[in-house]
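Peer 1: One structure, as structure tokens, below. Some questions next.
Protein chains: 2
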Amino acid sequence: MVTILDVARQVGVSKATVSNVLNSKGRVSEATKKAVFKAIEELDYRPNVLAQSLSKQVSDTIGLLIPSGYHTSRYITRLIDMTQELANKAGKFLMITQVDGNDIELGIQSIRKLIDRRCDGIIYYKSSHIEEIDIQNKLETLIEELPVPLVVLNYNLPNKPDYCVWFDHVAIAQLAVVNLIERGHKKIAYISGQQHMHTSRARLQGYQDAMKKAGLELNSRLIAGGSDSHYQGGYDACKKLIKRELDFSAICCYSDAMAIGALKALKENGISVPEDVSIFGLDNDYVGDFMDPPISSIDVPVDDIISIAGKLLLEHMQNKLPTSKSNSLTGQLVHRKSVKDIID
Amino acid sequence: MVTILDVARQVGVSKATVSNVLNSKGRVSEATKKAVFKAIEELDYRPNVLAQSLSKQVSDTIGLLIPSGYHTSRYITRLIDMTQELANKAGKFLMITQVDGNDIELGIQSIRKLIDRRCDGIIYYKSSHIEEIDIQNKLETLIEELPVPLVVLNYNLPNKPDYCVWFDHVAIAQLAVVNLIERGHKKIAYISGQQHMHTSRARLQGYQDAMKKAGLELNSRLIAGGSDSHYQGGYDACKKLIKRELDFSAICCYSDAMAIGALKALKENGISVPEDVSIFGLDNDYVGDFMDPPISSIDVPVDDIISIAGKLLLEHMQNKLPTSKSNSLTGQLVHRKSVKDIID
DNA sequence: CTGAAAGCGCTTACAG
DNA sequence: CTGAAAGCGCTTACAG
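Top to bottom, those sequences are chains A and B. The first sequence runs 4 to 347 under this note's numbering. The second sequence runs 4 to 347 under this note's numbering.
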């Protein structure tokens, strides 16, 4: 490939001069500038970014680490879109890499690899699947030790409040259940995601908290899970609930996807929604609005969490004090036809 | 940060020796090896990959370029998952970056940026949205000029058959329409995606070809599009079709997403599926199976196209002759309840 | 078995 | 206004 030396030779100047015009540094006469640009054009010269970064000791690169296996989540694609845009605006190169979401050690290894390539800052989306001992401590220590800022998405680090943004999934599920209760429901079932997921456990707890606070019966047989945390799992779980022949007027589901599966199971069993049973999803997936009936849900501010993370990272990179205060986000009710009021 | 020199000094050897033990090159006594590893551990030394790449003149890095704005597609997440796995297995670092899918010039710029960082090979997923003059020529020329192999996904480059893999969307749509015809349908409507998309135009053409071949009437009023190529667009388009008060027994849709929107519109108008009208989607999105009724579709071999692309890239990188012959893929019928047979 | 030296492609004071 | 030299952190023949 053509190097800066080739350009310098073609023009008859030194590398330093070529470098200076490239970086508009120092004083260079208009004539040589022109000649240099001409040669660059002719030779189709492009600087080797690796060499530049090594020499300058900055890479102007942001690293983004995403978890694998999120085929169904809009979070990740949105995260990529928004972070790329942020990087473009800040004049940084975005280097995205993916890591198995189930293993925190692999995650830390990947973060280190990003550092080895001299990223100036890193955003790490922590998969809900990870739940190992001491993970909080590991991440907090990592943030201390790393030579560049690391912002963690989707996890609470109490000792590093300026380095994380997360959803309060307990509150998100509560929102749905409280709404059901306010509308007269007392016998509320819950379809749960798989319990190895942090998000899943938090949402289940939100359901339980809301029931307790309202003084309603907490029957573990009103809670069911399925083979996965998606359509099929919702379908499975709902069939279980139906088989148990319990009395319930509403189901809150771990996600819209599970709610869609549940809806199918209910229909197959001749149970009308919302006439016989009301359904609530969580996440406000776009498709929920196109179900029959459309599914009520809690909208989760995905864009907000990402833009806050981006803002935090840039502030740290510029050694500014972070301006963001609330790094814990909840959601917003979205009413659709899958829930009916119960009047005694 | 700690450098190789720090390690060398701590052990009392030269940088060359440290480098040799790190790369297990040359003969180094066990004793110094041990001492070096100990120092590396103690100092938490990690080689600067930028410096390594510059010196070695290889980076062991693969670049993956994805389009933005694919919030709804499972292709992209799958592409990331599979390419990452491929890179891991090949011992390469995967550097993913994203670019506005609408502009081929931006795409080429991003490819160049990847080269500037010395990627040893690049996979470029060409968005269907791009459709500019001369794009085929631009990409073919780029492949010629680039110092490393570039494989293009989702686009046909007739003069570079070993550097591209794509879906034959004409054939994919034909498959659905031919199946409807075989099952007795004659009046078949089509809900189209937005025509600025290459995929969208190809699928529409597949519908038209199939109708023509069967000697069926091609009525342009049986074709409708919507505000987007997704749920809402399908809903809009179907409402248009209904308003036109034409006689049709089936609708083939550009995608499952549009089919889901269409289903909603039909239901709202008291039209039963499949009793009154049959519906066909394309893509075989997972959610289609959870509709009421489940939607027939054409499964598109996403995984295949990606693994072929990966194989091609690695073969080029190793200067092997590509073994893959068929770089054009079609789909497979998936029968569900949204289509009924018509018996005269 | 080990080290001095040159080199990868760039930038950056500094001297002229 | 321009260039020689040193340096970024590593690797790689080569000499000893």
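Don't be surprised by glycine CBs; every beta carbon is placed ideally from N, CA and C. Because the structure is a prediction, the values reported are computed rather than measured.
Applying a beta-carbon distance threshold of less than 8 Å, which residues of chain B neighbour residue 98 of chain A?
Peer 2: Residue mapping note: residue 98 of chain A aligns to position 95 of the first sequence, counting from 1. Per Cβ cutoff of 8 Å: 98, 99 and 100.
Peer 1: Residues in its own chain within less than 6 Å of residue 132 of chain A by CB, not counting five upstream and five downstream?
Peer 2: Translated into the one-based positions of the first sequence, residue 132 of chain A becomes position 129. Excluding sequence neighbours, residue 132 of chain A sits near 104, 105 and 200.
Peer 1: Taking all protein chains shown into account, decide if residue 291 of chain B is buried (16 or more other Cβ within 10 angstroms of its Cβ) or exposed.
Peer 2: In the second sequence, the residue the question calls residue 291 of chain B occupies position 288. Looking at its Cβ environment, which holds 16 or more other Cβ atoms inside 10 Å, residue 291 of chain B is buried.
Peer 1: Across which residues does DSSP place residue 70 of chain B in a beta bridge pair?
Peer 2: Counting from 1 along the second sequence, the entry for residue 70 of chain B is found at position 67. Beta-bridge pairing links residue 70 of chain B to B:102.
Peer 1: Using a cut-off of 7 Å between C-beta atoms, extract the partners of residue 289 of chain B located in chain A.
Peer 2: As a first step, residue 289 of chain B is located in the second sequence; it is residue number 286 there, counting from the start. Near residue 289 of chain B (Cβ distances below 7 Å), the residues of chain A are 234.
Peer 1: In chain order, what residues of the same chain lie with their CB nearer than 8 Å to the CB of residue 64 of chain B, ignoring the 5 residues before and after it?
Peer 2: Here residue 64 of chain B refers to the residue found at position 61 of the second sequence. Same-chain partners within the cutoff: 56, 95, 96, 97, 98, 120, 121, 122 and 123.
Peer 1: Can you find a C-beta in chain A that's less than 8 Å from the C-beta of residue 293 of chain B?
Peer 2: In the second sequence, the residue the question calls residue 293 of chain B occupies position 290. Yes, contact with chain A.
Peer 1: Taking the straight line between their C-alpha atoms, what separation do you get for residue 237 of chain A and residue 86 of chain A?
Peer 2: Looking up residue 237 of chain A in the first sequence gives position 234. Looking up residue 86 of chain A in the first sequence gives position 83. In a straight line, the C-alpha of residue 237 of chain A is about 32 Å away from that of residue 86 of chain A.
Peer 1: Below 8 Å CB to CB, which residues in the same chain sit around residue 296 of chain A once its five sequence neighbours on both sides are set aside?
Peer 2: Counted from its first residue, the first sequence places residue 296 of chain A at position 293. Closer than 8 Å at Cβ, skipping near neighbours: 276, 277, 339, 340 and 341.
Peer 1: If we cut at 8 Å on Cβ distances, does residue 321 of chain B have a partner in chain A?
Peer 2: By 1-based counting over the second sequence, the position of residue 321 of chain B is 318. Not closer than 8 Å to any Cβ of chain A, the Cβ of residue 321 of chain B fails to qualify, so no.
Peer 1: Taking the beta strand (DSSP E) that residue 283 of chain B falls in, what are its first and last residues?
Peer 2: For this step, residue 283 of chain B is matched to residue 280 along the second sequence. Per DSSP, residue 283 of chain B belongs to the beta strand (DSSP E) from 281-283.
Peer 1: If you count every other CB in all the chains shown that lies within 10 Å of the CB of residue 272 of chain A, and 16 or more means buried, which is it?
Peer 2: Here residue 272 of chain A refers to the residue found at position 269 of the first sequence. Exposed, by the Cβ-count rule.
Peer 1: Which residues does DSSP pair with residue 166 of chain A in a beta bridge?
Peer 2: Sequence index remark: in the first sequence, residue 166 of chain A carries index 163 (1-based). Partner(s): none; residue 166 of chain A has no beta bridge.
Peer 1: Per DSSP, residue 254 of chain B forms a beta bridge with which residues?
Peer 2: Residue 254 of chain B sits at position 251 when you count from the first residue of the second sequence. In the DSSP output, where bridge partners are listed per residue, residue 254 of chain B has B:192 and B:282.
Peer 1: Are the stretch 182-191 of chain A and the stretch 213-220 of chain A touching by the rule of at least three beta carbon pairs closer than 8 Å?
Peer 2: Result yes; three or more Cβ-Cβ pairs closer than 8 Å.
Peer 1: In chain order, what are the residue ranges of uninterrupted beta strand (DSSP E) at least 3 long that sit wholly in the stretch 23-98 of chain B?
Peer 2: Correct list: 64-70.
Peer 1: Is it buried or exposed, residue 162 of chain A, if we count other Cβ atoms within 10 angstroms and call 16 or more buried?
Peer 2: The residue given as residue 162 of chain A occupies position 159 in the first sequence. Counting Cβ neighbours within 10 Å, residue 162 of chain A comes out exposed, since fewer than 16 surround it.
Peer 1: Taking the alpha-carbon positions, what's the residue 175 of chain B to residue 158 of chain B distance?
Peer 2: Taking the first residue of the second sequence as 1, we reach residue 175 of chain B at position 172. Taking the first residue of the second sequence as 1, we reach residue 158 of chain B at position 155. Spanning the two alpha carbons is a distance of roughly 15 Å.
Peer 1: Excluding the 5 residues preceding and the 5 following residue 345 of chain B in the sequence, name in chain order all residues of the same chain whose CB lies nearer than 7 Å to its CB.
Peer 2: Working through the second sequence from its first residue, we reach residue 345 of chain B at position 342. 186, 187, 188 and 252.
Peer 1: Looking at the secondary structure, which residues open and close the beta strand (DSSP E) in which residue 156 of chain A lies?
Peer 2: Here residue 156 of chain A corresponds to residue number 153 of the first sequence, with the count starting at 1. It spans 153-156 - the beta strand (DSSP E) in which residue 156 of chain A sits, taken as one unbroken run.
Peer 1: Return the chain-ordered ranges of every alpha helix (DSSP H) run that is complete within the stretch 254-328 of chain B and spans a minimum of 4 residues.
Peer 2: You should have 259-271 and 305-320.
Peer 1: Just to check my reading of the structure: residue 331 of chain B and residue 171 of chain B have Cβ atoms closer than 8 Å, yes? What is that Cβ distance to the nearest angstrom?
Peer 2: For this step, residue 331 of chain B is matched to residue 328 along the second sequence. For this step, residue 171 of chain B is matched to residue 168 along the second sequence. With 8 Å as the limit, residue 331 of chain B and residue 171 of chain B qualify as a contact, their Cβ atoms being about 5 Å apart.
Peer 1: Using only CA atoms, which one of A:168, A:223 and A:93 lies nearest to residue 194 of chain A?
Peer 2: Working through the first sequence from its first residue, we reach residue 194 of chain A at position 191. Of A:168, A:223 and A:93, the residue nearest in Cα terms is A:223.
Peer 1: Which class does residue 230 of chain B belong to by DSSP, given the choice of helix, strand or coil?
Peer 2: Here residue 230 of chain B refers to the residue found at position 227 of the second sequence. If DSSP states are grouped into helix, strand and coil, residue 230 of chain B belongs with coil.
Peer 1: Return the CA-CA distance between residue 35 of chain A and residue 14 of chain A, expressed in angstroms with no decimal places.
Peer 2: Your numbering for residue 35 of chain A matches position 32 in the first sequence. Your numbering for residue 14 of chain A matches position 11 in the first sequence. Roughly 8 Å between the two C-alpha positions.
Peer 1: As a quick exercise: from A:68, A:287, A:235 and A:90, pick the residue whose alpha carbon is nearest that of residue 265 of chain A.
Peer 2: On the first sequence, position 262 is the one that residue 265 of chain A refers to. Nearest option by C-alpha distance: A:235.
Peer 1: Given a cut-off of 8 Å on the beta-carbon distance, is the pair residue 288 of chain A and residue 259 of chain A in contact?
Peer 2: Counting from 1 along the first sequence, the entry for residue 288 of chain A is found at position 285. Counting from 1 along the first sequence, the entry for residue 259 of chain A is found at position 256. The answer is yes: Cβ separation under 8 Å.
Peer 1: Residue 119 of chain B versus chain A: which residues are under 8 Å apart at the beta carbon?
Peer 2: By 1-based counting over the second sequence, the position of residue 119 of chain B is 116. What residue 119 of chain B touches in chain A: 49, 50, 51 and 52.
Peer 1: Would you say residue 224 of chain A lies against chain B (beta-carbon separation less than 8 Å)?
Peer 2: Within the first sequence, numbered from 1, the residue matching residue 224 of chain A stands at position 221. Residue 224 of chain A does not count as touching chain B.
Peer 1: Measure how close the beta-carbons of residue 313 of chain B and residue 300 of chain B come, nearest whole angstrom, since I'm counting them as under 8 Å.
Peer 2: If you number the second sequence from 1, residue 313 of chain B lands on position 310. If you number the second sequence from 1, residue 300 of chain B lands on position 297. Not quite, the Cβ-Cβ distance comes to about 26 Å (not below 8 Å), so this is no contact.
Peer 1: On the criterion of 16 or more Cβ atoms from any shown chain inside 10 Å, does residue 20 of chain B qualify as buried, or is it exposed?
Peer 2: Against the second sequence, residue 20 of chain B aligns to sequence position 17. Residue 20 of chain B comes out buried.
Peer 1: 8 Å is my cut-off, CB to CB: does residue 267 of chain B come that close to chain A?
Peer 2: To locate residue 267 of chain B, count along the second sequence from 1; it is residue 264. Chain A contact via Cβ: present.
Peer 1: If you compare alpha carbons, which of A:77, A:71 and A:67 is closest to residue 90 of chain A?
Peer 2: In the first sequence, the residue the question calls residue 90 of chain A occupies position 87. Closest option to residue 90 of chain A, Cα to Cα, is A:67.
Peer 1: Any beta carbon of chain B sitting closer than 8 Å to that of residue 84 of chain A?
Peer 2: Counting from 1 along the first sequence, the entry for residue 84 of chain A is found at position 81. Closer than 8 Å: yes.
Peer 1: Return no unless some Cβ of chain B is closer than 8 Å to the Cβ of residue 57 of chain A.
Peer 2: Counting from 1 along the first sequence, the entry for residue 57 of chain A is found at position 54. For residue 57 of chain A, the answer is yes, since a Cβ of chain B falls inside 8 Å of its Cβ.
Peer 1: Is DSSP giving residue 21 of chain A helix, strand or coil here?
Peer 2: Here the question's residue 21 of chain A lines up with position 18 in the first sequence. Correct three-state label for residue 21 of chain A: helix.
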